[in-house]
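Peer 1:
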Ligand code: KE4
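Residue numbers (my numbering): 185 to 609.
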């Protein structure tokens with residue numbers, strides 16, 4: 185391997201890995217730069233192979249709510265790894281984790297562990313179809329639910345970043361069974377349900393959209409989805425891969441007091457290790473193999489190391505729920521710094537992001553009108569001042585319990601000193 189600085193590593197990576205990265209959002213393409221390669225991380229800081237240090241507001245796209253390499257989480261993984269890495273057989277930790285999640289999130293009566301958010305959503309959608317015997321699902325423009333075929337229709341996150349609204353390689357049939365509505369637009373859902381409601385297995389929604397930038401649900405939107413799914417006998421699936429254990433220990437469904445039939449989790453539930461889950465009503469989850477006829481499986485599902493990291497993370501959060509007040513206040517300070525510069529911000533708790541646009545951002549169309557070139561300039565300014573935010577206008581900023589006074593005051597100062605041309609209307 186040639187000498188290890190980010191530039192040479194990226195050049196080498198480009199020859200061996202599509203786009204030089206193992207996930208498109210990491211490529212920095214939309215912000216006109218090449219990515220730094222991480223050497224290590226601790227608390228609120230990332231250190232790249234060139235010795236640069238950044239205050240990290242990506243937090244690995246959400247899992248890092250406790251900050252990087254939390255000693256107790258690292259210790260838990262080290263200890264369990266001494267006993268073996270994977271068995272392909274049940275372990276005590278999996279039962280403990282299911283029990284803990286069911287205690288923390290009342291709508292979860294039964295849970296299945298998988299290895300990624302994509303797998304959790306793909307399985308929940310298959311389960312909804314198997315349980316209802318219906319084919320269609322409704323998703324929202326700009327929401328991202330992982331990269332399974334049926335969900336890559338007008339999705340957010342990397343697709344929106346790269347302006348590829350629909351992925352190549354998706355069979356035509358999916359477009360017919362995946363119906364699209366507009367986020368925060370009850371009328372768009374009502375029209376679809378009046379036409380197709382008899383054949384809609386589920387409506388899947390990010391209860392706070394965080395893959396077109398952060399777009400909160402307008403008052404009554406989630407409650408409307410709950411009502412209309414009950415009316416037509418469809419299921420309501422909350423994709424809480426980002427919001428789960430982020431907006432509070434009970435996630436968005438506790439924050440907004442709306443109870444879905446199924447929920448998907450990822451990111452925080454694994455404490456930074458590959459672990460995700462789907463769960464919900466026992467009568468629905470009982471349809472999953474081997475108990476029921478809806479098949480889903482995984483060699484590394486419930487992997488002992490991932491379970492250890494997830495268990496330790498959730499235990500720390502459950503025993504220290506004041507963390508949520510702390511990170512909400514911290515995010516509020518950052519929000520205020522942006523607003524003082526005249527930059528629009530959407531925020532829910534510790535989930536926020538600045539939009540370079542004059543208009544309110546409440547759905548895919550208004551998010552898409554944001555000035556991505558101005559965002560790219562802003563991103564470069566922040567990075568050069570040691571602040572790492574998501575390299576895309578259509579992602580989120582995450583604040584962790586490890587972001588302390590020093591990091592927050594430095595972040596606010598960098599925002600306050602931002603050149604006017606970056607934020608001028
Ligand atoms: P994963 O398969 O990436 O674990 O989860 C897919 C997923 C499902 N649902 C929601 C609401 C999600 O946000 C995600 C993944 N989020 C992106 C970032 N917005 C992951 C980062 C990436 O793709 O590299």
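Ideal Cβ positions, reconstructed from N, Cα and C, are used throughout, including at glycine. Fair warning: this is a prediction, and the values are worked out from it, not measured in the lab.
Give me the Cβ distance between residue 496 and residue 256, rounded to the nearest whole Å; I'm assuming they're in contact under 8 Å.
Peer 2: 6 Å
Peer 1: Quick check on residue 301: buried or exposed, where buried means 16 or more other Cβ atoms within 10 Å of its Cβ?
Peer 2: buried
Peer 1: Entirely within the stretch 482-565 and at least 4 residues each: give me those alpha helix (DSSP H) ranges in chain order.
Peer 2: Assignment of alpha helix (DSSP H) within the stretch 482-565, counting only whole runs of 4 or more residues, yields 488-503, 506-524 and 548-552 in chain order.
Peer 1: Measuring only the C-alpha atoms, how far is residue 489 from residue 585?
Peer 2: 23 Å
Peer 1: Does residue 602 come out as helix, strand or coil in the three-state DSSP assignment?
Peer 2: coil
Peer 1: Given a cut-off of 8 Å, decide if residue 296 and residue 461 are closer than it, judged by their beta-carbon atoms.
Peer 2: yes
Peer 1: Need the endpoints of the alpha helix (DSSP H) that residue 361 sits in, please.
Peer 2: 356-361
Peer 1: Report all residues from its chain with a CB closer than 7 Å to the CB of residue 280; omit the five preceding and five following residues, and keep chain order.
Peer 2: 495
Peer 1: Is it a yes or a no for the stretch 222-229 touching the stretch 574-594, going by three-plus beta-carbon pairs under 8 Å?
Peer 2: yes
Peer 1: Apart from the five residues on each side of it in sequence, which residues of its chain come closer than 6 Å, Cβ to Cβ, to residue 351?
Peer 2: 336
Peer 1: Evaluate the contact criterion for the stretch 371-381 versus the stretch 306-316: three or more CB pairs, one atom per stretch, below 8 Å.
Peer 2: no
Peer 1: Does the distance between the C-beta of residue 209 and the nearest non-hydrogen atom of the ligand KE4 fall short of 7 Å?
Peer 2: yes
Peer 1: With a threshold of 7 Å (Cβ to nearest heavy atom), would residue 298 be considered close to the ligand KE4?
Peer 2: No.
Peer 1: With a threshold of 7 Å, establish whether the CB of residue 395 neighbours any heavy atom of the ligand KE4.
Peer 2: Placement of the Cβ of residue 395 at a distance of less than 7 Å from at least one heavy atom of the ligand KE4 is found.
Peer 1: What do you reckon, are the CB atoms on residue 340 and residue 328 nearer than 8 Å?
Peer 2: Yes, Cβ-Cβ distance for residue 340 and residue 328 is below 8 Å.
Peer 1: Could you compute how far the alpha carbon of residue 190 sits from the alpha carbon of residue 199?
Peer 2: 14 Å
Peer 1: What's the gap between the Cα of residue 414 and the Cα of residue 289?
Peer 2: 21 Å
Peer 1: Please report the Cβ distance between residue 385 and residue 320, rounded to the nearest whole angstrom; I am assuming they are in contact, meaning their Cβ atoms lie under 8 Å.
Peer 2: Right, the Cβ-Cβ distance comes to about 6 Å (below 8 Å), so this counts as a contact.
Peer 1: The ligand KE4 heavy atoms versus the CB of residue 302: any closer than 7 Å?
Peer 2: yes
Peer 1: Please tell me whether, using a cut-off of 7 Å, the distance from the CB of residue 240 to the nearest non-hydrogen atom of the ligand KE4 is below it.
Peer 2: no
Peer 1: Go through the stretch 405-464 residue by residue and report every complete run of the alpha helix (DSSP H) that reaches 4 residues or more, in order.
Peer 2: 405-416 and 435-439
Peer 1: Is DSSP giving residue 197 helix, strand or coil here?
Peer 2: helix
Peer 1: With respect to the alpha helix (DSSP H) encompassing residue 467, which residues constitute its N-terminal and C-terminal limits?
Peer 2: 466-469
Peer 1: Rounded to whole angstroms, what is the Cα-Cα separation between residue 574 and residue 602?
Peer 2: 17 Å
Peer 1: Does residue 336 come out as helix, strand or coil in the three-state DSSP assignment?
Peer 2: coil
Peer 1: Just curious, the beta strand (DSSP E) that residue 343 is in, first and last residue?
Peer 2: Where residue 343 is concerned, there is no enclosing beta strand (DSSP E), although the alpha helix (DSSP H) it sits in stretches over 342-345.
Peer 1: Quick one: residues in its chain with C-beta nearer than 8 Å to the C-beta of residue 536, no 5 flanking neighbours on either side, listed in chain order?
Peer 2: 398, 515, 518, 519, 529, 530, 580, 581 and 583
Peer 1: With residue 279 as the anchor, note down where its alpha helix (DSSP H) starts and where it stops.
Peer 2: 276-288
Peer 1: Please state whether DSSP places residue 250 in a helix, a strand or coil.
Peer 2: coil
Peer 1: Does at least one heavy atom of the ligand MN sit under 7 Å from the Cβ of residue 522?
Peer 2: Here the bound small molecules are the ligand KE4; the ligand MN is not part of this structure.
Peer 1: Nearest to residue 549 by alpha carbon, out of 441, 396 and 211?
Peer 2: 396
Peer 1: Going by the beta-carbon positions, is the gap between residue 409 and residue 387 smaller than 8 Å?
Peer 2: yes
Peer 1: I believe residue 431 touches residue 532 by the beta-carbon criterion, under 8 Å. Please report the beta-carbon distance rounded to the nearest angstrom.
Peer 2: 6 Å
Peer 1: Is it the case that the Cβ atoms of residue 428 and residue 247 are separated by a distance below 8 Å?
Peer 2: no
Peer 1: I'd like the list of long-range same chain contacts for residue 139, defined as Cβ closer than 7 Å, with 5 residues on each side in sequence excluded.
Peer 2: With the chain represented from 185 up to 609, any question about residue 139 goes unanswered, as that position is not in the structure.
Peer 1: For residue 267, which of helix, strand or coil comes out of DSSP?
Peer 2: coil
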